[in-house]
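Peer 1: Take the position in the sequence shown, starting the count at 1, then add 1; the result is the number in the numbering used here.
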Amino acid sequence: MPSTLVRGGRVVTAESEYDADVLAVDGRIAQIGTDLDHIEADVVVEADGQWVLPGGVDPHTHMDMPVGDTSTCDDYTSGTIAAVHGGTTSIVDFCIQQHGQAPLDALATWKRKLAAAAPVCDVGFHLAVTDLSQPAWLADLARLPEHGVTSLKLFMAYKGTLGVDDGTIVRTMRIAAANGSLVLVHAENGDAIAVLVADALAAGHVEPVWHGRTRPPITEAEATARAISLAELTGCRLYVVHVSCAEALEPIVRAQAAGLPVHAETCVQYLLLDETALEKPGFEGAKAVFTPPPRAREQQEYLWRALQTRALEVVSTDHCPFRYADQKALGRADFTKIPNGAPGIEHRLVLLHEFGVRTGRLSRARWVELCCTAPARHFGLAPRKGTIAIGSDADLVVFDPERVQTISASTHHSRVDYSLYEGTTVRGAPSAVLVRGSVVVQDGELTAEPPRGVFLHRG
């Protein structure tokens with residue numbers, strides 16, 4: 002593996018900023034200093050006037066995931082190509098247990114998917130538990146850390162498909178408490194939402210806007226509080242995904258103040274989009290059918306404030322892409338048939354910089370912490386990922402704070418045919434991205450022979 006010297010930049014981590022060169026040897030950071038000009042590296046990346054960041058870690062993505070009669074349109078090749086163009090060099094994706102499938106068999110299925118693809122960044126897995134009908138499957142969950150999977154996902158929404166009951170939640174949390182795994186919850190009251198959806202359909206409401214109207218904030222708040230109570234009952238660590246509203250933040254803040262091991266993330270879309278995205282004319286609102294739905298605009302300031310106070314510790318994307326033309330279109334006559342999810346993996350770093358750092362809401366250090374360091378720490382990847390330190394993987398982003406980029410589906414690298422942020426112009430974008438010391442993106446172009454991403458066996 003060639004040595005690579007990133008020269009002349011300003012290193013920005015969650016802890017500090019300083020001018021330094023960074024040398025990568027055999028995929029890891031070997032030296033950091035201001036006097037490395039004498040080193041004859043195989044590859045030199047000039048970073049004058051730019052920032053050198055740790056590679057982003059996105060702990061919430063859905064690649065090649067089956068949903069009903071379709072599946073997300075990015076696989077581990079296209080999805081990771083999009084990721085690295087945006088400065089994300091590691092993802093933790095969701096392996097979904099099918100009903101009637103043993104958890105370890107589910108993991109094996111998803112590892113085969115990864116092996117058959119050509120990822121250009123590193124990939125780990127959470128296991129989403131949907132069925133514990135066989136007693137032996139509890140033993141499978143207990144053994145998952147041996148296989149590099151140290152986080153379990155539970156859906157409290159999606160009654161009748163992915164959703165689980167409280168008994169399954171408690172049994173899973175007990176296993177996690179015993180083996181140290183982190184439990185992730187999608188917190189929405191699936192039973193209550195099912196009633197609201199049935200009422201809407203009975204009244205003839207089929208438009209995309211009803212996706213949001215049948216999932217009000219109280220359904221998220223109730224499920225969040227219940228998940229926290231069950232985690233306290235079982236003694237497990239809890240991580241609430243894609244928090245979208247103040248009502249759900251309140252029980253999280255109370256739990257944290259009480260010293261409970263409760264953590265939470267939000268996603269870019271909740272910081273920047275509001276419920277009017279579902280109200281667009283015709284069927285355009287289907288592009289914003291994701292769960293929880295976009296909320297009232299005033300909710301955004303609660304989320305930004307929670308990022309500042311650290312009640313929210315991570316910003317992810319929940320990248321779950323379905324093409325508008327033929328996949329979202331499955332729900333033209335019934336909003337419940339619109340595949341649920343939206344793209345975003347390529348633009349997390351630049352959007353948080355534009356609307357967080359450049360507006361003064363976030364410091365550069367906090368930006369790096371939210372996108373790189375905290376997700377690595379929570380998901381068993383630190384200090385290998387998420388920081389710039391001797392011995393860490395040389396996952397690096399050379400970020401030009403003056404580079405101007407206009408976001409568009411015509412230029413992004415996902416296979417999805419729309420962007421939630423179409424036409425948004427941002428100042429600040431990666432000029433080079435390295436994965437384990439190898440340059441994968443240079444000036445917006447994928448290099449000729451990018452390295453192959455590896456499975457992340459997490460601690």
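By construction, the Cβ of each residue, glycine as well, lies at the ideal position given by its N, Cα and C atoms.
If you drop the 5 nearest sequence neighbours on each side, which residues of the same chain put their C-beta closer than 7 Å to that of residue 394?
Peer 2: These residues qualify, in order along the chain: 28, 29, 385, 386, 437.
Peer 1: Please go through the same chain and pick out, in chain order, the residues whose beta-carbon is closer than 6 Å to the beta-carbon of residue 339, but skip the five residues on each side of it.
Peer 2: Closer than 6 Å at Cβ, skipping near neighbours: 287, 290, 329, 332.
Peer 1: With a 10 Å radius around its C-beta and 16 neighbouring C-beta atoms as the bar for buried, classify residue 405 as buried or exposed.
Peer 2: Looking at its Cβ environment, which holds fewer than 16 other Cβ atoms inside 10 Å, residue 405 is exposed.
Peer 1: Tell me, to the nearest whole angstrom, how far the beta carbon of residue 234 is from that of residue 265; I am working on the premise that it is less than 8 Å.
Peer 2: At roughly 19 Å, the Cβ-Cβ gap does not stay under 8 Å, so residue 234 and residue 265 are not in contact.
Peer 1: Look at the alpha carbon of residue 460 and the alpha carbon of residue 149, and state the distance between them as a whole number of angstroms.
Peer 2: Taking the straight line from one Cα to the other gives about 7 Å.
Peer 1: What is the rounded straight-line gap between the Cα of residue 73 and the Cα of residue 65?
Peer 2: Taking the straight line from one Cα to the other gives about 5 Å.
Peer 1: Would you list the residues sitting across from residue 320 in a DSSP beta bridge?
Peer 2: Paired residue(s): 62, 343.
Peer 1: What residue range does the alpha helix (DSSP H) around residue 272 cover?
Peer 2: First-last of the alpha helix (DSSP H) with residue 272: 269 to 273.
Peer 1: Rounded to whole angstroms, what's the CA-CA distance from residue 443 to residue 295? Just pull it up for me.
Peer 2: Each residue's Cα considered, the two are about 34 Å apart.
Peer 1: Identify the continuous beta strand (DSSP E) that holds residue 9 and give its terminal residues.
Peer 2: Start and end: 5 to 13.
Peer 1: For residue 318, count the other beta carbons within 10 Å of its own beta carbon; 16 or more makes it buried, fewer makes it exposed. Which is it?
Peer 2: Result: buried.
Peer 1: To the nearest angstrom, report how far apart residue 453 and residue 300 are at their CA atoms.
Peer 2: Approximately 40 Å between the Cα atoms of the pair.
Peer 1: Ends of the beta strand (DSSP E) at residue 389?
Peer 2: Here residue 389 belongs to no beta strand (DSSP E), and DSSP marks it neither H nor E.
Peer 1: Go ahead and pull the three-state DSSP assignment for residue 19.
Peer 2: Note: residue 19 maps to strand in three-state DSSP.
Peer 1: Applying the criterion that 16 or more other CB atoms from any shown protein chain within 10 Å of the CB defines a buried residue, is residue 498 buried or exposed?
Peer 2: As shown, the chain starts at 2 and ends at 460. That puts residue 498 outside it, with no answer to give.
Peer 1: Tell me whether the region 44 to 61 and the region 8 to 25 touch, counting them as touching only if at least three CB pairs, one residue from each stretch, are closer than 8 Å.
Peer 2: A contact exists between the region 44 to 61 and the region 8 to 25.
Peer 1: Which residue from 274, 390, 306, 211 puts its Cα closest to that of residue 336?
Peer 2: The candidate whose alpha carbon is nearest that of residue 336 is 211.
Peer 1: Can residue 153 and residue 130 be called in contact, C-beta distance under 8 Å?
Peer 2: The answer is yes: Cβ separation under 8 Å.
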